[in-house]
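A short write-up of the structure that comes next.
Chains as they are written, first to last, in my numbering: chain A, 463 to 871; chain B, 420 to 727.
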């Protein structure tokens, strides 16, 4: 069992620095998911832990032993690759047992171990086949078994599920977590898929352009994102951002287009004059009666065929019709619940961030303000006279629509 | 391509048969001549049907040319070239493809350039080197003044000499040192995915282990192809052995065959022994043909059962 310590690790290819000083502490037995878009350096970081990539500067320590100069085989890590990296000319059994063969374990003992590990991942029947005749999921299992058999202190996963179909991916996700719970080795899992991150991780590491933006449990990352980048990256459909400025005199946030969102006086005092961005998760917003809301929003519906509740007055909607409803109203709710309080009760949040200029990726301001938007229920039909489209939504769940709020220009 | 065009079918078949005819007729004539008696061979008009003297002629040719020794020598030469080539090519390509060092590109190009310098082109310098394999070192010693220094200090005159004329080493070495195999192996190694290399690294395999356990098994078809080509090349060597071998006990088949083919020197004005020459040609042809036929099965198997 091992913990991993990463201290100010940097990586450059020639003059291009791709990882700009990463600090990270991974506890023994923890399942950490490194999440980020492609090109953010997450795989490079993993490969530096594995020893497949030189560390330009900084230190990586596994079990309190600095491994910078160690060969991959001396680090006690096992890795599962995206393309499985199985040896095509060896049988499944040989593939699984190769690490033991290299280590000089006698044949009989090896065969025993291979059998045991193979049955733990459900591969008993395939031991004498070649990887070429296996399906994607089975190959993935072989790759897992190959890592497990070494009884490593650290498991490294480099986007191991990206080559599988959606159903298998979910299934393997559970299997990986199950294996982790059983083996209890420290696991580092790299992915660009936030669902994998949210479901697998004990803690998530969100990387962006070679730096770590946030480290935290999935709940923390979702509910209290550290940067607007994290806020926008996590969650689907994505969080909406509204730029505005705090005004102490009005005790409110004045949005760019002029809308005034009242906030408590002490909060307004603390951040007077600051340019901020309000982040609102789609599920935190609800429709309201025309004329009663505060925000005017533009919704775009990418109506799936089964959504019969969206019915325009002028003819039926076909499968992929996009309906743009102008002039709908957003409910702004009551006064915000207070400073630094996490929103409760299933509706989301508006995180307030400071920024020097609107639209820029900004760090968390000195003072955080949470504006809870109470759910508005029941959702009512809205009349949009301009276009003559009415939307009846008995089950108004944001997951079924990709909604985007923009400012009416 | 499936097309129903009888006319085109006819033309393509006609072309194929013409080609086959052109290729097969000389071999047929060799067999015919090898199976006839001397008067039959010389008869005009030529007799185009095989006679019954094949075994007699083969035996005569075998004894006349001492093919027993020559075949052994040629076999040693061809096998040496095949083995040496595969080992050198695999190792060189391994070093060029899988190790990240500054000289990999220059070295690759230097190896590659030797493709443009076959043995026939560099035969004089190669001969000089083979005549004394240590001459380059001697030159270095002379030029740098080290030889003079050693003589002044110890009184010993340095005269390095390692003569490879009339030896198997001398026969084989210059043929092994060419780029074909290296290039073939490099191209193959480049198709090996990086993840496989990294997977092996994670499994704890060192470079040589990786070469032996992963690369060599994966390159079996490559090896078969290279071995076939190099065996035929080695077996058919003529110019190089002719040049460096003066001791008949190191003679090779192709050179000996040329002595069997009649000319004014060998017959001294007598009737040329065409029937022996053809019988000799026939048996010299056999081993490469056998190797090609045998190896072809591996070729095809490798092409059908792609492991990847």
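All residues carry an ideal CB built from backbone N, CA and C; glycine is no exception.
Where residue 653 of chain B is concerned, the enclosing alpha helix (DSSP H) starts and stops at 639-654.
Considering only B/638, B/653 and B/587, the residue with the shortest C-alpha distance to residue 509 of chain B is B/638. Residue 454 of chain B carries a coil assignment under DSSP once its states are collapsed to helix, strand and coil.
Under the three-state reduction of DSSP output, residue 694 of chain B falls in the helix class. DSSP places residue 668 of chain A in the strand class (E or B) of the three-state scheme. Runs of the alpha helix (DSSP H) spanning 4 or more residues and lying entirely within the stretch 628-664 of chain A occur at 628-645 and 656-662, in chain order. By DSSP's assignment, residue 471 of chain A forms a beta bridge with A/484. The DSSP-derived three-state label of residue 478 of chain A is strand. One thing to note: residue 533 of chain B has its Cβ within 9 Å of the Cβ of residue 596 of chain B.
Check the Cα spacing between residue 453 of chain B and each of B/673, B/463 and B/467: the tightest is with B/467. Annotation note: the stretch 688-755 of chain A contains the following uninterrupted beta strand (DSSP E) runs of length 3 or greater, listed N- to C-terminal: 702-709, 714-717, 722-724 and 737-742. In this structure the stretch 498-508 of chain A touches the stretch 667-675 of chain A; the number of beta carbon pairs closer than 8 Å is three or more. In the three-state scheme derived from DSSP, where H, G and I count as helix and E and B as strand, residue 686 of chain A is classed as coil. Runs of the alpha helix (DSSP H) lying entirely within the stretch 477-558 of chain A, each at least 4 residues long, are 504-512 in chain order.
Annotated three-state conformation of residue 472 of chain B is coil, per DSSP. Counting other Cβ atoms within 10 Å of its Cβ, residue 494 of chain A reaches 16 or more and is therefore classed as buried. Under a 10 Å Cβ-count criterion, residue 527 of chain A is classified as exposed, with fewer than 16 other Cβ atoms of the shown protein chains found around its own Cβ. Counting C-beta atoms within 10 angstroms of its own C-beta, residue 608 of chain A has 16 or more neighbours from the protein chains shown and is therefore classed as buried.
Between the alpha carbons of residue 638 of chain A and residue 650 of chain A lies a distance of about 12 Å.
In the DSSP assignment, residue 618 of chain A falls within the unbroken beta strand (DSSP E) covering 616-620. In the DSSP annotation of this structure, the continuous segment of the beta strand (DSSP E) that includes residue 674 of chain A starts and ends at 673-678. DSSP places residue 511 of chain B inside the alpha helix (DSSP H), whose first and last residues are 486-517. Annotated as distal: residue 741 of chain A and residue 709 of chain A, with beta-carbon spacing of 9 Å or more. For the stretch 543-554 of chain A, the set of residues with a beta-carbon nearer than 7 Å to any beta-carbon of chain B comprises 543, 545, 547, 549, 550 and 551, in chain order. Taking a beta-carbon distance threshold of 9 Å, residue 628 of chain B counts as an interface residue toward chain A. Across the set B/655, B/606 and B/524, the C-alpha of B/655 shows the shortest separation from the C-alpha of residue 591 of chain B. Annotated three-state conformation of residue 524 of chain B is helix, per DSSP. Nearest C-alpha to residue 517 of chain B among B/649, B/700, B/610 and B/665: B/610. When only Cα atoms are considered, residue 634 of chain B and residue 526 of chain B end up about 21 Å apart. For residue 635 of chain B, DSSP records no beta bridge to any residue. Less than 9 Å separates the beta-carbon of residue 705 of chain A from that of residue 718 of chain A. Using a CB distance below 9 Å, the part of the stretch 635-646 of chain B facing chain A consists of 636, 637 and 639, ordered along the chain.
Rounded to whole angstroms, residue 644 of chain B and residue 676 of chain A show a C-alpha spacing of 55 Å. Across the set B/464, B/675 and B/661, the C-alpha of B/675 shows the shortest separation from the C-alpha of residue 490 of chain B. Within chain B, the residues whose beta carbon sits less than 7 Å from that of residue 534 of chain A are 620 and 621, listed in sequence order.
As computed with DSSP, residue 466 of chain A is found in a beta bridge with A/488 and A/524.
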